[in-house]
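Protein chains in written order, with this note's numbering: chain A, 1 to 512; chain B, 513 to 600.
Here the structure comes first, spelled out in structure tokens, and everything after it is commentary.
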């Protein structure tokens with residue numbers, strides 16, 4: 001009961017922060033800029049913590065520990081350290097320029113910049129459709145995660161449909177009323193919670209287990225678990241492929257749009273320096289705890305998982321697919337950190353964990369707002385809505401879009417199996433990584449053209465569908481599909497641009 | 513295109529600016545290559561601080577190295593020219 005109370009208290013705090021705490025009586029900029037971009041006036045700490053929080057999803061706390069539980073220390077190198085280098089690097093080179101172009105030309109979305117930079121209209125709409133289609137699964141996963149987490153934290157007291165509805169309502173409310181400012185402050189609060197949670201959980205669990213050295217020695221002593229402390233089960237090429245995935249971050253519309261919210265470009269300085277340290281502070285405890293959980297063989301729920309993993313490894317190729325899926329579910333380690341806390345932590349900390357999990361699963365707020373911004377700017381305003389009805393109606397349209405999108409996502413979450421959207425999210429990462437050449441070409445290459453951009457957008461759409469529907473598609477030479485997808489994307493941008501007419505010199509000059 | 517454009521390096525001669533660009537680009541490429549630490553691929557030992565497998569400790573240190581490189585980039589290659597709005 002205490003964890004449930006703490007989680008509902010957390011939801012109430014989030015609602016207060018998002019709607020009331022940082023509301024301005026009068027917009028500091030135009031009404032649309034104020035709602036969608038927080039008036040381009042976020043300060044350095046909110047910019048850093050919110051940008052980081054926007055990138056942290058349920059996967060960070062639960063999924064990373066689960067992945068490490070099954071695969072070992074490789075998880076950190078695959079997902080954390082590669083992001084710690086590539087993401088700040090892209091923020092440094094691309095984010096700062098995006099910010100400057102947004103300031104200079106008044107852009108609020110990446111598609112607005114593409115349309116202006118490449119003197120195109122409908123090609124921008126094609127890019128909008130590809131971006132939006134890749135973003136929607138995240139929003140649905142967020143609602144599903146909310147329902148599942150609330151049901152688990154309350155011990156089934158709150159059913160899935162109600163948990164999903166509560167989380168969707170809370171997110172919708174602060175996005176609706178607070179816009180970017182409310183969302184940014186909620187994300188800041190959530191990041192502080194993440195950062196505190198990792199360290200506390202590590203200390204409490206470490207003490208409870210009788211110290212980590214003993215746990216590691218026990219893992220090393222068993223031939224079954226010793227490989228989890230090395231990367232011998234993974235090929236170096238597979239490991240290398242993962243360095244392409246963080247390219248997706250800067251291409252995600254909610255991140256690109258967030259880059260436009262900084263008051264000054266100097267805000268990026270602190271962000272790029274501290275970003276790798278924030279990743280270290282959150283991922284290292286989660287990955288380490290996930291690996292260490294393998295030593296808790298005397299805890300029945302962990303022992304069951306290890307048994308299922310053994311059965312899966314020994315299963316013949318002819319094993320019934322449903323039985324295999326069932327074994328996979330039993331072996332999955334997404335709940336190992338909650339189990340460890342349940343075992344070793346006091347009740348109040350379990351409640352804190354519940355709030356931390358809620359913070360993670362509520363990461364869909366930025367995506368909802370980004371999609372609303374894109375719809376109102378790239379479709380409503382572009383096709384004459386703003387000129388005809390004015391800026392106030394444009395903002396109200398954005399708010400209405402937030403409501404409709406949340407309701408649709410909730411209805412889909414009630415009916416569709418989560419596995420479909422889990423997969424869709426995985427492919428979306430590759431898709432966005434392969435879209436990154438669009439930003440690079442628009443900001444750095446004068447000779448790039450709209451036809452090159454169209455070729456990239458169509459290729460990414462086709463490649464995502466192909467890899468999602470065909471086993472082993474584009475997995476060349478043991479690399480993950482993201483590598484050929486991104487390289488071909490870049491090659492298409494260059495080759496198609498070189499054989500087509502570039503934009504006018506006046507336009508190019510505005511981007512120098 | 514030179515990536516060195518920070519106000520801190522304005523006083524440098526073109527040759528030194530070019531050299532700085534090469535050093536920074538080489539640092540970026542080196543750090544990228546260092547992610548692929550095949551030398552710790554098949555070993556867990558030594559356990560750093562008595563409990564961190566060496567590969568995990570290496571990648572934790574890698575995050576700190578990334579932070580240091582970002583600090584160097586913001587000091588030596590900060591694109592200050594982008595902060596000035598040409599419309600003003």
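Built from N, CA and C at the ideal position, the CB exists for glycine as well.
Item to complete: Evaluate residue 470 of chain A with the Cβ neighbour count: other Cβ atoms within 10 Å of its Cβ, from every protein chain shown; 16 or more gives buried, anything less gives exposed.
Response: Reading the first chain from its first residue, position 470 is the one you call residue 470 of chain A. Burial call: exposed.
Worksheet item: Which class does residue 262 of chain A belong to by DSSP, given the choice of helix, strand or coil?
Response: By one-based count along the first chain, residue 262 of chain A stands at place 262. When secondary structure is reduced to three states using DSSP, residue 262 of chain A falls in the strand class.
Discussion item. At the 7 angstroms Cβ level, is residue 247 of chain A part of the contact set with chain B, yes or no?
Written reply: The residue you call residue 247 of chain A lines up with position 247 of the first chain. Not an interface residue.
Discussion item. Measuring alpha carbon to alpha carbon, tell me which residue in A:434, A:401 and A:367 is nearest residue 139 of chain A.
Written reply: Counting from one through the first chain, the residue named residue 139 of chain A turns up at place 139. Closest by alpha carbon: A:367.
Worksheet entry | Three-way DSSP call (helix, strand, coil) for residue 594 of chain B in this model | Translated into the one-based positions of the second chain, residue 594 of chain B becomes position 82. Note: residue 594 of chain B maps to helix in three-state DSSP.
Discussion item. Quick check: the Cα distance between residue 336 of chain A and residue 48 of chain A, rounded to an integer number of angstroms?
Written reply: Taking the first chain and counting its residues from 1, the one referred to as residue 336 of chain A is at position 336. Taking the first chain and counting its residues from 1, the one referred to as residue 48 of chain A is at position 48. If you take the alpha carbons of residue 336 of chain A and residue 48 of chain A, they lie about 29 angstroms apart.
Item to complete: Select from the stretch 2-21 of chain A all residues with a C-beta closer than 8 angstroms to any C-beta belonging to chain B, and list them in chain order.
Response: none
Practice prompt. Establish whether the CB of residue 269 of chain A and some CB of chain B are separated by less than 7 angstroms.
Written response: Along the first chain, read from residue 1 onward, the residue named residue 269 of chain A stands at position 269. Yes, residue 269 of chain A counts as interfacial toward chain B.
Worksheet item: Is the shortest distance between the beta-carbon of residue 525 of chain B and the beta-carbons of chain A less than 7 angstroms?
Response: Your numbering for residue 525 of chain B matches position 13 in the second chain. Chain A, which has no Cβ nearer than 7 angstroms to the Cβ of residue 525 of chain B, makes this no.
Item to complete: Take residue 74 of chain A and list the residues in its own chain whose beta-carbon comes closer than 6 angstroms to its own, dropping the five residues that flank it on each side.
Response: If you number the first chain from 1, residue 74 of chain A lands on position 74. Taking C-beta separations shorter than 6 angstroms and ignoring five residues to either side along the sequence, the partners of residue 74 of chain A in its chain run 231 and 234, following chain order.
Discussion item. Can you list, in chain order, the residues of its chain with a C-beta nearer than 7 angstroms to that of residue 380 of chain A? Leave out the 5 residues immediately preceding and following it.
Written reply: The residue you call residue 380 of chain A lines up with position 380 of the first chain. Around residue 380 of chain A, the same chain offers 386, 394 and 397 as residues with beta carbons nearer than 7 angstroms, after the five sequence neighbours per side are excluded.
Discussion item. Which runs of the alpha helix (DSSP H) at least 4 residues long sit entirely within the stretch 280-364 of chain A? Give them in chain order.
Written reply: 300-314, 321-331, 336-344 and 347-361
Fill in: Sufficient close CB pairs (3 or more, under 8 angstroms) joining the stretch 103-118 of chain A to the stretch 438-453 of chain A
yes
Discussion item. When you compare the CB of residue 533 of chain B with every CB in chain A, is at least one pair closer than 7 angstroms?
Written reply: Here the question's residue 533 of chain B lines up with position 21 in the second chain. No - not a single Cβ of chain A is within 7 angstroms of the one on residue 533 of chain B.
Fill in: Secondary structure of residue 157 of chain A, DSSP reduced to three states
The residue given as residue 157 of chain A occupies position 157 in the first chain. The three-state reading of DSSP puts residue 157 of chain A in coil, since its state is none of H, G, I, E or B.
Discussion item. Along the stretch 555-566 of chain B, where does the CB come closer than 7 angstroms to a CB of chain A? Name the residues.
Written reply: 555, 556, 559, 562, 563 and 565
Worksheet item: Of all the CB atoms in chain B, is at least one closer than 7 angstroms to the CB of residue 100 of chain A?
Response: As a working note, residue 100 of chain A is residue 100 in the first chain. Yes, contact with chain B.
Item to complete: Apply the 10 Å Cβ neighbour rule to residue 96 of chain A and answer buried if 16 or more other Cβ atoms are within range, or exposed otherwise.
Response: Position 96 of the first chain, counted from the start, is the residue given in the question as residue 96 of chain A. Its Cβ being crowded by 16 or more others within 10 Å, residue 96 of chain A is buried.
Worksheet entry | Cutoff 7 angstroms: residue 585 of chain B Cβ touching any chain A Cβ | Residue mapping note: residue 585 of chain B aligns to position 73 of the second chain, counting from 1. Interface residue, yes.
Discussion item. Closest to residue 467 of chain A by C-alpha separation, out of A:434, A:449 and A:502, would be which residue?
Written reply: Stepping through the first chain from its first residue, residue 467 of chain A is reached at position 467. With distances taken between Cα atoms, residue 467 of chain A lies closest to A:434.
Discussion item. Does residue 560 of chain B come out as helix, strand or coil in the three-state DSSP assignment?
Written reply: Mapped onto the second chain, residue 560 of chain B falls at position 48. If DSSP states are grouped into helix, strand and coil, residue 560 of chain B belongs with the strands.
Fill in: Chain-ordered neighbours of residue 539 of chain B on chain A, where CB pairs are closer than 9 angstroms
On the second chain, residue 539 of chain B is found 27 positions in, with the first residue counted as 1. What residue 539 of chain B touches in chain A: nothing, since even the nearest Cβ is about 11 angstroms away.
Worksheet item: Shortest alpha-carbon distance to residue 459 of chain A belongs to which of A:447, A:446 and A:474?
Response: Here the question's residue 459 of chain A lines up with position 459 in the first chain. For the residues A:447, A:446 and A:474, the minimum Cα distance to residue 459 of chain A belongs to A:474.
Practice prompt. Rounded to whole angstroms, what's the CA-CA distance from residue 522 of chain A to residue 490 of chain A? Just pull it up for me.
Written response: This structure gives no information on residue 522 of chain A, because the portion of chain A shown stretches from 1 to 512.
Worksheet item: Would you call the stretch 402-410 of chain A and the stretch 167-183 of chain A in contact, with 3 or more CB pairs under 8 angstroms?
Response: yes
Worksheet item: What number of angstroms, rounded off, separates the C-alpha of residue 553 of chain B from the C-alpha of residue 13 of chain A?
Response: As a position in the second chain, residue 553 of chain B is number 41, starting the count at 1. As a position in the first chain, residue 13 of chain A is number 13, starting the count at 1. Approximately 45 angstroms, taken between the alpha carbons.
Worksheet item: According to DSSP, is residue 42 of chain A helix, strand or coil?
Response: For this step, residue 42 of chain A is matched to residue 42 along the first chain. Reduced to three states, the DSSP call for residue 42 of chain A is strand.
Discussion item. Can you look up residue 253 of chain A in the DSSP assignment and give me helix, strand or coil?
Written reply: Stepping through the first chain from its first residue, residue 253 of chain A is reached at position 253. The three-state secondary structure of residue 253 of chain A, taken from DSSP, is helix.
Worksheet item: Whole-angstrom Cβ separation of residue 271 of chain A and residue 51 of chain A, contact assumed at under 8 angstroms?
Response: Residue mapping note: residue 271 of chain A aligns to position 271 of the first chain, counting from 1. Residue mapping note: residue 51 of chain A aligns to position 51 of the first chain, counting from 1. At roughly 6 angstroms, the Cβ-Cβ gap stays under 8 angstroms, so residue 271 of chain A and residue 51 of chain A are in contact.
Discussion item. Could you give the first and the last residue of the continuous alpha helix (DSSP H) run that contains residue 534 of chain B?
Written reply: Looking up residue 534 of chain B in the second chain gives position 22. Looking at the DSSP string, the run of the alpha helix (DSSP H) that includes residue 534 of chain B is 526-546.
Worksheet item: From residue 276 of chain A to residue 325 of chain A, what does the alpha carbon distance come to, in whole angstroms?
Response: Position 276 of the first chain, counted from the start, is the residue given in the question as residue 276 of chain A. Position 325 of the first chain, counted from the start, is the residue given in the question as residue 325 of chain A. About 36 angstroms.
Worksheet entry | Beta carbon of residue 89 of chain A nearer than 7 angstroms to that of residue 180 of chain A | Against the first chain, residue 89 of chain A aligns to sequence position 89. Against the first chain, residue 180 of chain A aligns to sequence position 180. Contact flag unset, no.
Practice prompt. Please determine if the stretch 557-574 of chain B and the stretch 235-252 of chain A are in contact, where contact requires at least 3 C-beta pairs separated by less than 8 angstroms.
Written response: no
Worksheet item: Is it right to say residue 365 of chain A is buried, meaning 16 or more other beta carbons lie within 10 angstroms of its own, or is it exposed?
Response: Counting from one through the first chain, the residue named residue 365 of chain A turns up at place 365. Classification for residue 365 of chain A: buried.
Practice prompt. Helix, strand or coil for residue 479 of chain A, going by three-state DSSP, please let me know.
Written response: If you number the first chain from 1, residue 479 of chain A lands on position 479. Of the three classes helix, strand and coil, the one that applies to residue 479 of chain A here is coil, per DSSP.
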